[in-house]
Amino acid sequence: MSGSIKINKGSSVVFLGGMNAMPMMYALELKARGQRVYYYVDAKRSDKLSRPENHFPDIEYPYPGWIFENILHTQLLLLVWPRFFAWLYGKRIRKDITGKVDCLVLNGFFTALAPYFEKKYQVVSLSHGADLDVWAFEGGVENLAKGMSSRSIFKYLPNSVSRYLLRKFIERQYKGYSASNVVIYFPRGLNSAGDKVIDRLLSDGVSYVSRYDISFEPLKNSKREFKGASGKLNIFSGVRFLFRSFPEGNEGYSKGSDVMLRGLALYYELNKNIEIHLVEKGEDFVAAKSLCHELGLSEVVVWHKEMTFKQLLSLYDKADICFDQVGAHWIGAIGGYALWLGKPLIANDEMLIAEGVWPSPNPVCSAKTPQEILDWLVVLESEQVRKDISNSSKLFVEQYMSPGATIDKVFDLLG
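Quick note: the sequence shown uses this note's numbering, first residue 9, plus one each step.
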């Protein structure tokens, strides 16, 4: 199947915006198919999540010639002056890149620049989630204003001014999506606000392509062989803690972190020979630490600061069992990596099954309550069960979470 974005031989695709370095997986996929690609990094070097060198083993800093560094203090500036930044980045592209550019792939608030780029560019807006279902959702202004009241510039502004600005920002972000040739977002049914934005875009005549994938490139040097337990049962969750505070106003982003901890506490009553590794990230990690203390888990929990991807992989390597979200959100890269590495994954995949994203039964240990988590942990005490799930997980993730299918649906690479 070929997509609607036609790219001529010898022409370039340019990526602007790189939340969590996710767009890089598509850039690398296009490069692997022989396409000329250029990628702009806007994140500061301290932003470990969004810098590609922290994820992809073949990318080093200083960057190769096809990757440009152009640091933005905050992407919110793009929503304040979209016309100016479209002019600025257009000028930069003409300066940095020789030859014809056929397509711009925009992520995050770079999407707001879409109406103001030269019309010769085809525009693909590649959403990471909140840039569409929060920041382009008209019905979410009040919740967003509440969530942002203590963050960024908004903590210094009167509520009425914050609401006014956020309404304008949402209008500009939506205008960017509506000016795009193609919008890439998650499958329908996973987020009600996102569904409403997609419905509106479709009524405006915008093409929508669903994505549900991860890049396997960051993992290519990792071991996938099954590892039997060595003493304590090692349990790892790299998911950010989000279960009480929703700074962007969308409760569909709940990770169910409290549910996970309550399930682990139930299991700890049965098995004291465990070690739990968690990462200090997310709005609610302080509340999560308090909950661990309340539940009597603190003595078996090892907390880690936010880290490089290489350090994260070392925690996967030691783990016998991994967690992704068990709340209202969907399984993301954290869970996808666990599946690819052959780690039994406890997560809530109910919506993915209901929406036909993947089948049931499948290797995911599906859970959304403390009791279901307890039940799975008891089952996973068996090394043979873990080994069987490990083998099926590796096959499953390559079939259902590969990025190549999205490229095929969006691009028609000519010549």
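Beta carbons: idealized from backbone N, C-alpha and C, even for Gly.
It should be emphasised that the depicted structure is a prediction, and the values quoted were computed from it without experimental measurement.
- Within the stretch 224-261, the complete beta strand (DSSP E) segments at least 3 residues long are 241-245, listed from N- to C-terminus.
- The beta carbon of residue 39 is closer than 7 Å to those of 45 in its chain, skipping five residues each way along the sequence.
- If only uninterrupted beta strand (DSSP E) runs of at least 3 residues are considered, those enclosed by the stretch 282-350 are 282-287, 309-312 and 329-331.
- Annotation for residue 203: 196 place their beta carbon closer than 6 Å to its own, counting only its chain and skipping 5 residues before and after.
- Each of 105, 414, 65 and 54 was checked against the Cα of residue 80, and the nearest Cα belongs to 54.
- By the CB criterion at 9 Å, residue 403 and residue 352 fall outside the cutoff.
- DSSP, read as helix, strand or coil, puts residue 67 in coil.
- In the structure shown, residue 401 adopts helical secondary structure according to DSSP, grouped into three states.
- Classified as buried, residue 67 has 16 or more neighbouring CB atoms from the shown chains inside 10 Å of its CB.
- When beta bridges are read from the DSSP output, residue 77 appears opposite 49.
- Assigned with DSSP and collapsed to three states, residue 418 falls in helix.
- Cβ contact annotation for residue 232 (same chain, cutoff 8 Å, sequence separation greater than five): 348, 349, 350 and 402, in chain order.
- Boundaries of the alpha helix (DSSP H) harbouring residue 168: 167-186, taken from the DSSP string.
- Distances from the CA of residue 412 to each of 225, 322 and 339 were compared; the closest alpha carbon is that of 225.
- Secondary structure at residue 21: strand, using DSSP grouped into helix, strand and coil.
- Proximity to residue 219 across 18, 230, 374 and 363 peaks at 363, based on C-alpha coordinates.
- Approximately 15 Å separates the beta-carbon atoms of residue 75 and residue 109; this is outside 8 Å, ruling out the contact.
- By the Cβ-count criterion, residue 379 is exposed, with fewer than 16 other Cβ atoms from all chains shown falling within 10 Å of its own Cβ.
- Counting every other CB atom within 10 Å of its CB across the protein chains shown gives residue 37 a total of 16 or more, marking it as buried.
- Separation of the CB atoms of residue 292 and residue 250 is rounded to 6 Å, and the pair is thereby assigned contact status at 8 Å.
- Residue 323 is positioned such that its CB atom lies no closer than 9 Å to that of residue 234.
- For residue 391 and residue 329, the gap between their C-alpha atoms comes out near 11 Å.
- In this structure, residue 214 places its C-beta atom within 9 Å of the C-beta atom of residue 188.
- In the structure shown, residue 221 falls within a coil segment according to DSSP collapsed to helix, strand and coil.
- Per the C-alpha coordinates, the member of 374, 345 and 346 positioned closest to residue 359 is 374.
- Contact between residue 356 and residue 334 holds: their C-beta atoms lie close to 5 Å from each other, under 8 Å.
- Cβ-Cβ distances below 6 Å link residue 180 to 87, 90 and 120 in the same chain, with the five nearest sequence neighbours on each side left out; the list follows chain order.
- A straight line joining the alpha-carbon of residue 385 with that of residue 20 spans about 49 Å.
- Just so you know, the alpha carbons of residue 289 and residue 265 end up roughly 12 Å apart.
- Secondary structure of residue 129 (DSSP, three-state): coil.
- Of the residues assessed, residue 407 falls on the exposed side of the cut-off, its CB having fewer than 16 other CB atoms within 10 angstroms.
- The residue among 310, 354 and 183 with its C-alpha nearest the C-alpha of residue 271 is 354.
- Membership of residue 35 in any beta strand (DSSP E) is not indicated; the residue belongs instead to the alpha helix (DSSP H) covering 31-40.
- The continuous beta strand (DSSP E) containing residue 191 extends over residues 190-193.
- Each residue's CA atom was taken as its position, placing residue 156 and residue 237 some 44 Å apart.
- For residue 109, the uninterrupted beta strand (DSSP E) segment begins and ends at 109-114.
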